[in-house]
Amino acid sequence: MTERSATHGTFTLERIYDAAPARVFKAWADPAIKARWFVGPSDWQLLERSIDFRIGGKERLSGRKGSGIVSTFDAVYHDIVPDQRIIYCYDMRLDGVHISASLATVQLTPAGAGTRLTFTEQAVFLDGYDDSGSRERGTRILLEQLGGELQR
Amino acid sequence: MAERSVTHTTFTLERSYDAPPAKVFKAFADPAIKRRWFVEGEGWEVDEFVSDFKTGGVERSRFRFKGGEPIRNDTSYHDIVPNERIIFAYTMTIGEKRISASLATCEFKPSGAGTQFVFTEQGAFLDGLDSAGPREGGWKELLDALGRSLKS
């Protein structure tokens, strides 16, 4: 039997983007734009992507890492305030094993002509899965990729 | 335009129940039992309670306190390990205003002939409409009501 455990953690990241809140919001809301920056590393191979960006709507992103492990992100949108806020809950699975559930809050506030993005993740890691900060590192990379997209 | 804000908080509540984990778990899993301790308190009018207790399933309750504004709880189940763990996300909405989004972890651990129950809520409280203190107080009352229901 699996040894059950639940380890709770929270982290917050902040970024200033040189783009207006409406444009930053659109990069999350528009599936074609999100597909350009919400991707794994270069050795990651896309298996499945779907997004239904509305309250109660679901998103899935599944891909195979260079190691061969299949990671699956399954999200449900809980709160959407156009140009200001997105809250979603998501599960991560590695080869079908549930490793975490998280509540993610994306807040967008005007900062001069640009946008301050605050990303807060409240996570529970399951059954001994040792995150060791890798979720936060992965999220930093995603927010950098978002920055690259906004400079296009 | 409404002033948008998000306050992130985590709280944990523990209870010792005289009933074994299977019985405490069933009080969450069985909609007829859950309805009694979760929504049917004194002074509460229940307009709807539907629960599809499975991973990926949703639960919706709508109620009012002494004829007040309609309150709505939308829950989605993220992780269910029979007799051991339930993880769900939920939003609370009063009238048309969403006041919170939360991730909740319920852990059921054997303790002698009874159960050590641990409830952890990771919440995002929205736009100054709710906060962790009242939420924690609300769950204390619910867990007391759960305790009474286990004695019947």
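Protein sequence lines, in the order shown, are assigned to chains A and B.
For what it's worth, the numbering used here labels the leading residue of the first sequence as 1, then goes sequentially.
For what it's worth, the numbering used here labels the leading residue of the second sequence as 1001, then goes sequentially.
Ideal placement from N, C-alpha and C gives every residue a C-beta, glycine not left out.
Sort out for me which residues DSSP pairs residue i with in a bridge.
| i | result |
| --- | --- |
| B/Lys1109 | B/Gln1116 |
| B/Ala1044 | Here residue 1044 of chain B is Trp; the residue named in the question, Ala, does not match the sequence. Partner(s): B/Phe1065. |
| A/Leu103 | A/Cys89 and A/Gln122 |
| A/Ala6 | A/Leu126 |
| B/Asp1074 | B/Arg1060 and B/Thr1091 |
| B/Phe1011 | B/Glu1121 |
| A/Ala75 | A/Glu59 and A/Tyr90 |
| A/Ile16 | A/Arg116 |
| A/Val164 | An answer regarding residue 164 of chain A cannot be provided, because it is not within the stretch 1 to 152 covered by chain A. |
| A/Phe25 | None; A/Phe25 has no bridge partner. |
| B/Asp1079 | B/Ile1087 |
| B/Phe1049 | B/Ser1061 |
| A/Phe11 | A/Glu121 |
| A/Val70 | A/Arg64 |
| A/Val39 | Per DSSP, none; premise fails for A/Val39. |
| B/Ser1016 | B/Gln1116 |
Assuming the contact rule is C-beta atoms closer than 8 Å, residue i and residue j should be a hit. Round their C-beta distance to whole Å, please.
| i | j | result |
| --- | --- | --- |
| B/Glu1045 | B/Arg1060 | The pair is not a contact, with the Cβ atoms about 16 Å apart (cut-off 8 Å). |
| B/Leu1126 | B/Arg1098 | 6 Å |
| A/Cys89 | A/Leu108 | Not a contact, Cβ separation roughly 19 Å. |
| A/Leu94 | A/Leu13 | At roughly 23 Å, the Cβ-Cβ gap does not stay under 8 Å, so A/Leu94 and A/Leu13 are not in contact. |
| B/Gln1116 | B/Glu1014 | 7 Å |
| B/Thr1055 | B/Asp1074 | About 16 Å; that fails the 8 Å criterion. |
| B/Ala1089 | A/His78 | 7 Å |
| B/Phe1049 | B/Arg1035 | 5 Å |
| A/Phe53 | A/Pro31 | 7 Å |
| A/Ala154 | B/Leu1103 | Shown here, chain A extends from 1 to 152; a query on residue 154 of chain A therefore has no answer. |
| A/Leu126 | A/Ser5 | 7 Å |
| A/His8 | B/Thr1007 | With a Cβ gap of about 17 Å, A/His8 and B/Thr1007 do not count as contacting. |
| A/Arg36 | A/Leu150 | The pair is not a contact, with the Cβ atoms about 11 Å apart (cut-off 8 Å). |
| B/Thr1093 | B/Thr1105 | No, B/Thr1093 and B/Thr1105 are not in contact; Cβ-Cβ is about 22 Å, not under 8 Å. |
So, with DSSP's three-state summary, where would you put residue i?
| i | result |
| --- | --- |
| B/Lys1066 | coil |
| A/Arg137 | helix |
| A/Leu108 | strand |
| B/Phe1038 | helix |
| A/Leu142 | helix |
| B/Lys1097 | strand |
| A/Glu48 | strand |
| B/Arg1148 | helix |
| A/Arg64 | strand |
| B/Arg1135 | helix |
| B/Ala1027 | helix |
| B/Leu1129 | coil |
| B/Ala1104 | strand |
| B/Met1001 | Low confidence applies to B/Met1001: its pLDDT is 48, below 50, so where it sits in the model is not reliable, and the reading given next is rough at best. In this structure, B/Met1001 counts as coil in the three-state DSSP scheme. |
What I want to know is whether the C-beta of residue i ends up closer than 8 Å to one or more non-hydrogen atoms of the ligand ADP.
| i | result |
| --- | --- |
| A/Lys58 | You won't find the ligand ADP in this model; it holds no ligand whatsoever. |
Could you check if residue i is buried or exposed, using at least 16 other CB atoms within 10 Å of its CB as the buried criterion?
| i | result |
| --- | --- |
| A/Glu59 | buried |
| B/Pro1021 | buried |
| B/Glu1107 | buried |
| A/Trp44 | exposed |
| B/Ile1087 | buried |
| A/Pro21 | buried |
| B/Asp1144 | exposed |
| A/Lys34 | buried |
| B/Glu1003 | exposed |
| B/Thr1012 | exposed |
| A/Arg137 | exposed |
| A/Asp130 | exposed |
| A/Arg152 | exposed |
| A/Ile80 | buried |
| B/Ile1080 | buried |
| B/Glu1069 | exposed |
| A/Ile51 | buried |
| A/Ile86 | buried |
| A/Ala123 | buried |
| A/Leu61 | buried |
Residues of the region 1077–1108 of chain B whose Cβ lies closer than 8 Å to any Cβ of chain C, in chain order: Protein chains A and B are contained in the structure displayed, whereas chain C is not.
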